[in-house]
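Engineer: To convert a position in the sequence shown, counted from 1, into the numbering used here, add 1.
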Amino acid sequence: MNDNLKSDLMEKIVALCKRRGFIYPGSEIYGGLTGTWDYGPLGALLKKNIKDEWWKSTVQLRDDVVGVDAAIMMNSAVWQKSGHLEAFTDPLVECKICHQRFRADKEDEIREHEKTHKEKVGWTSPQKFNLLVKAYLGIIEGEQSEIFLRGEITQGVFVNFENVVSSTRVKIPFGIAQMGKAFRNEITPGNFTFRSREFEQMELEFFIKPIEAEGNKWFEYWKNQRIKWYQDLGIKKENLRFRKHEEKEKAHYAKVAEDIEYEAPFGWSEFEGIHHRGDFDLSAHNLSYVDEDGNKFTPWVIETSGGVDRSLLFFLLDAYHEDGNRVVLKLHPKLAPYKVAVFPLLANKEDLVSEARKIYKTLQQDMMVAWDDRGNIGKRYFAQDEAGTPFCVTVDFQTLDDKTVTVRDRDTAKQERIAIEKLKNYFSEKLK
C-alpha cells in the first residue's frame with residue numbers, strides 16, 4: 002500500500018465513522034479531550050458484537066475457561082506487587098524548542114516532528130514515564146487516598162485466582178477470561194483510536210503446569226487460536242502477521258511474547274499480544290495451586306491480550322471498499338451493527354408502510370434491524386452499504402399481491418424475491 006493510499010484510507014475511515022455514527026471525538030462540544038473517543042449508535046453495536054464473539058469463542062464454547070469482571074479501582078498494593086509502579090513505563094523525551102513530548106522509542110514520530118521546525122531540534126535525555134493514571138478516593142480534601150486506575154485488566158484475574166479455584170470446579174489447565182476498561186497516561190495518543198488514554202481489553206489468562214513443554218505447547222496453541230479468530234471474522238490473511246518481541250522490548254513479566262500485527266495505513270501495528278508470563282504474577286501475589294493429588298505448585302500463565310478498540314478499527318479498515326461511487330463496509334455478518342434494514346418503497350403509502358412495519362417488528366425479535374423510509378431507495382441502499390448492513394428488505398406494491406419482498410445483498414448488490422414467511426429462515430442461514 003503506497004503512502005498516499007494509506008493516508009487517504011485513514012482520512013476516509015475517520016470521516017465515515019463520524020458521518021455514520023461509529024466513532025466521535027470525546028467531549029467534542031467542549032473542544033475534546035485528546036486520546037478519548039465516544040462510540041455512536043453503530044460503533045456501540047459493532048463494539049458489542051466484537052466482544053460477544055470473543056466471549057462466545059473464549060468462554061461459552063469452551064469447557065476449560067470461566068469468566069470474571071473485576072473492579073477498575075484496585076488497592077495500590079496490587080500494582081506494587083505486580084511491578085507496575087516500577088516497570089510500567091515508557092521512555093519520554095522533550096523537544097527543546099517547543100517542549101512537546103514524545104516516546105523515545107517512536108523514532109518515526111520524532112523524525113516527523115523534527116520536520117516541523119526550521120532549526121535543528123535538540124532533545125532532552127530519555128526519562129522513565131509511568132503510564133498508570135492516578136485517582137483519589139475520599140470526601141475530605143487533603144485526606145484522600147491515592148489509587149490508580151488499572152493500566153491493564155490482567156491483575157483483576159490474578160487477585161481473584163484463589164476465589165475462582167475455590168468457588169468452581171476448574172482444574173489445571175484452565176483459563177480465566179475478562180473484558181473491561183483500562184487507562185494509560187499515554188504520552189502521544191494518535192492514529193485515531195489506535196493509541197488512546199481510555200480503551201477496552203479482552204484478555205485470557207490460561208493456567209498450566211510449570212513444565213517447559215507444556216508452556217511451549219499452549220503458547221503455540223493460543224497463537225493459532227487467536228489469529229484464526231480474526232481471519233474467521235473476515236480480516237484478510239495477508240494483512241496479519243506475528244512479530245516476536247526482542248529481549249530488550251519484552252514486558253517485565255514476559256518469558257516470551259509475540260504480537261499479532263495488522264498492516265494499517267500507518268504501518269504494521271500490534272493489536273493483540275500472546276505472552277508466556279511464567280509464574281511471575283502468581284508468585285508476586287504469593288498464590289499457588291494444589292492439584293487433586295495434593296501437589297502444591299505455582300502455575301505458569303499463557304496470556305492472550307487483545308484491544309477491543311484497535312480490533313474494531315482494523316475490522317473497519319479491512320472491510321472498507323469502494324465500488325465506483327459506492328462505499329461499502331464488507332463487515333462479517335456476525336459483526337455488522339445491523340443485520341437487516343427494512344424499507345417501504347414509498348413512505349407516503351400507508352399499506353406499504355404498515356406491511357414493512359410488521360416485517361421490521363418480526364425480524365427485530367431475533368436480530369438488530371434498521372428502519373429507513375427517508376428519500377429514495379437508492380440513497381437508502383447507499384447509507385446501509387456505508388453502515389455495513391448485509392441485507393436490505395424492500396416492501397413494494399408486488400408485496401401486497403403475493404406476500405414477497407425484494408432482498409438486496411450488500412456485497413453483490415444483487416436482488417431476489419423472497420416470501421415474507423421465509424425471511425427468518427433465509428436470514429438465519431445467510432447471517433452465519
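Positions of the beta carbon are idealized from the N, C-alpha and C atoms, including for glycine. All values reported here derive from a predicted model rather than from experimental measurement.
Tell me the rounded alpha-carbon separation between N426 and E417.
Structural biologist: As a first step, residue 426 is located in the sequence shown; it is residue number 425 there, counting from the start. As a first step, residue 417 is located in the sequence shown; it is residue number 416 there, counting from the start. Roughly 15 Å separates the two Cα atoms.
Engineer: Can you tell which of G308, G307, S306 and S284 has the C-alpha that lies nearest to the C-alpha of K297?
Structural biologist: Here residue 297 refers to the residue found at position 296 when the sequence shown is read from its first residue. The shortest C-alpha separation from K297 is found at S284.
Engineer: CB W38 to CB G27, shorter than 8 Å?
Structural biologist: To locate residue 38, count along the sequence shown from 1; it is residue 37. To locate residue 27, count along the sequence shown from 1; it is residue 26. Yes.
Engineer: Mapping DSSP to helix, strand and coil, what is I1?
Structural biologist: The chain is shown from 2 up to 433; residue 1 falls before or after that span and cannot be answered.
Engineer: Along the chain, where does the alpha helix (DSSP H) containing K48 start, and where does it finish?
Structural biologist: As a first step, residue 48 must be located in the sequence shown, where it is residue number 47. From DSSP, the alpha helix (DSSP H) with K48 extends over P42 to W56.
Engineer: So what does DSSP say about H114, is it helix, strand or coil?
Structural biologist: Numbered from 1 along the sequence shown, position 113 holds the residue referred to as residue 114. H114: helix per DSSP, three-state reduction.
Engineer: List the endpoints of the continuous beta strand (DSSP E) containing E147.
Structural biologist: Translated into positions along the sequence shown, residue 147 becomes position 146. Where E147 is concerned, the enclosing beta strand (DSSP E) stretches over S146 to L150.
Engineer: Return the first residue and the last residue of the alpha helix (DSSP H) that D282 is part of.
Structural biologist: Numbered from its first residue, the sequence shown carries residue 282 at position 281. Unbroken alpha helix (DSSP H) run through D282: F281 to A285.
Engineer: List the DSSP bridge partners of I261.
Structural biologist: As a working note, residue 261 is residue 260 in the sequence shown. Bridge partners of I261: F243 and E273.
Engineer: Based on the DSSP secondary-structure assignment, which residues constitute the bridge partners of V67?
Structural biologist: Start at 1 with the first residue of the sequence shown, and residue 67 comes out as number 66. Per DSSP, I177.
Engineer: Is the distance from the Cβ of I148 to the Cβ of M74 below 8 Å?
Structural biologist: The residue given as residue 148 occupies position 147 in the sequence shown. The residue given as residue 74 occupies position 73 in the sequence shown. Against a cut-off of 8 Å, the Cβ pair of M74 and I148 comes out as a contact.
Engineer: How about T155 and E271: are their beta carbons less than 8 Å apart?
Structural biologist: Within the sequence shown, numbered from 1, the residue matching residue 155 stands at position 154. Within the sequence shown, numbered from 1, the residue matching residue 271 stands at position 270. It is not a contact, given that the beta carbons lie outside the stated cut-off.
Engineer: Is the CB-CB distance between Q202 and S306 below 8 Å?
Structural biologist: For the purposes of this step, residue 202 is identified with residue 201 of the sequence shown, where counting begins at 1. For the purposes of this step, residue 306 is identified with residue 305 of the sequence shown, where counting begins at 1. Cβ atoms of Q202 and S306: closer than 8 Å.
Engineer: Around the Cβ of R411, are there at least 16 other Cβ atoms within 10 angstroms (buried) or fewer (exposed)?
Structural biologist: On the sequence shown, position 410 is the one that residue 411 refers to. With 16 or more Cβ atoms within 10 Å of its Cβ, R411 is classed as buried.
Engineer: Would you list the residues sitting across from A414 in a DSSP beta bridge?
Structural biologist: For the purposes of this step, residue 414 is identified with residue 413 of the sequence shown, where counting begins at 1. None; A414 has no bridge partner.
Engineer: With a CB to CB cut of under 6 Å and the five nearest residues on each side skipped, what residues in its chain are close to H246?
Structural biologist: The residue you call residue 246 lines up with position 245 of the sequence shown. Counting only residues of its own chain and dropping the five nearest sequence neighbours on each side, H246 has a CB closer than 6 Å to the CB of A258.
Engineer: By Cβ distance below 6 Å, which residues in the same chain neighbour Q232 in space, the five residues on each side in sequence not counted?
Structural biologist: The residue you call residue 232 lines up with position 231 of the sequence shown. Closer than 6 Å at the Cβ level, and outside the excluded window around Q232, lie K238.
Engineer: Does the distance from the CB of P190 to the CB of G36 come in under 8 Å?
Structural biologist: In the sequence shown, counting from the first residue as 1, residue 190 sits at position 189. In the sequence shown, counting from the first residue as 1, residue 36 sits at position 35. The answer is yes: Cβ separation under 8 Å.
Engineer: When the Cα atoms are used, what is the spatial distance from P127 to I236?
Structural biologist: For the purposes of this step, residue 127 is identified with residue 126 of the sequence shown, where counting begins at 1. For the purposes of this step, residue 236 is identified with residue 235 of the sequence shown, where counting begins at 1. Distance between the alpha carbons of P127 and I236 is about 37 Å.
Engineer: With DSSP run on the structure shown, which of helix, strand or coil describes D9?
Structural biologist: Position 8 of the sequence shown holds residue 9. DSSP places D9 in helix when its eight states are reduced to three.
Engineer: Once DSSP output is grouped into helix, strand and coil, what is the label at S306?
Structural biologist: The residue labelled residue 306 in the question sits at position 305 within the sequence shown. In the structure shown, S306 sits in a strand (DSSP, three-state: E or B).
Engineer: Is it buried or exposed, E206, if we count other Cβ atoms within 10 angstroms and call 16 or more buried?
Structural biologist: The residue you call residue 206 lines up with position 205 of the sequence shown. E206 should be labelled buried.
Engineer: Roughly how far, in whole angstroms, is the beta-carbon of V341 from the beta-carbon of L317, given that I think they are within contact range, below 8 Å?
Structural biologist: Indexing the sequence shown from 1 puts residue 341 at position 340. Indexing the sequence shown from 1 puts residue 317 at position 316. Not quite, the Cβ-Cβ distance comes to about 20 Å (not below 8 Å), so this is no contact.
Engineer: M75 bridges to which residues according to DSSP?
Structural biologist: As a position in the sequence shown, residue 75 is number 74, starting the count at 1. DSSP, once it has assigned bridges, lists F149 as partnering M75.
Engineer: From which residue to which residue does the alpha helix (DSSP H) around D397 run?
Structural biologist: Taking the first residue of the sequence shown as position 1, residue 397 is located at position 396. Where D397 is concerned, there is no enclosing alpha helix (DSSP H), given that its DSSP letter is neither H nor E.
Engineer: Does DSSP classify E199 as helix, strand or coil?
Structural biologist: Residue mapping note: residue 199 aligns to position 198 of the sequence shown, counting from 1. Strand.
Engineer: According to DSSP, simplified to helix, strand and coil, what is F220?
Structural biologist: Stepping through the sequence shown from its first residue, residue 220 is reached at position 219. Residue state, collapsed to three classes: helix.
Engineer: Between the stretch 57 to 66 and the stretch 80 to 92, can you find at least three pairs of beta-carbon atoms closer than 8 Å?
Structural biologist: no
Engineer: DSSP on Q101, reduced to helix/strand/coil?
Structural biologist: Position 100 of the sequence shown, counting from 1, holds the residue named residue 101. If DSSP states are grouped into helix, strand and coil, Q101 belongs with coil.
Engineer: Using a threshold of 8 Å, state whether the C-beta atoms of K224 and I177 are closer than that.
Structural biologist: For the purposes of this step, residue 224 is taken as the residue at position 223 of the sequence shown. For the purposes of this step, residue 177 is taken as the residue at position 176 of the sequence shown. No.
Engineer: Alpha carbon to alpha carbon, how far is A105 from C96?
Structural biologist: The count along the sequence shown starts at 1 and reaches residue 105 at position 104. The count along the sequence shown starts at 1 and reaches residue 96 at position 95. Taking the straight line from one Cα to the other gives about 11 Å.
Engineer: Could you spell out where the beta strand (DSSP E) holding L86 opens and where it closes?
Structural biologist: Position 85 of the sequence shown, counting from 1, holds the residue named residue 86. Per DSSP, L86 belongs to no beta strand (DSSP E); it is in the alpha helix (DSSP H), H85 to A88.
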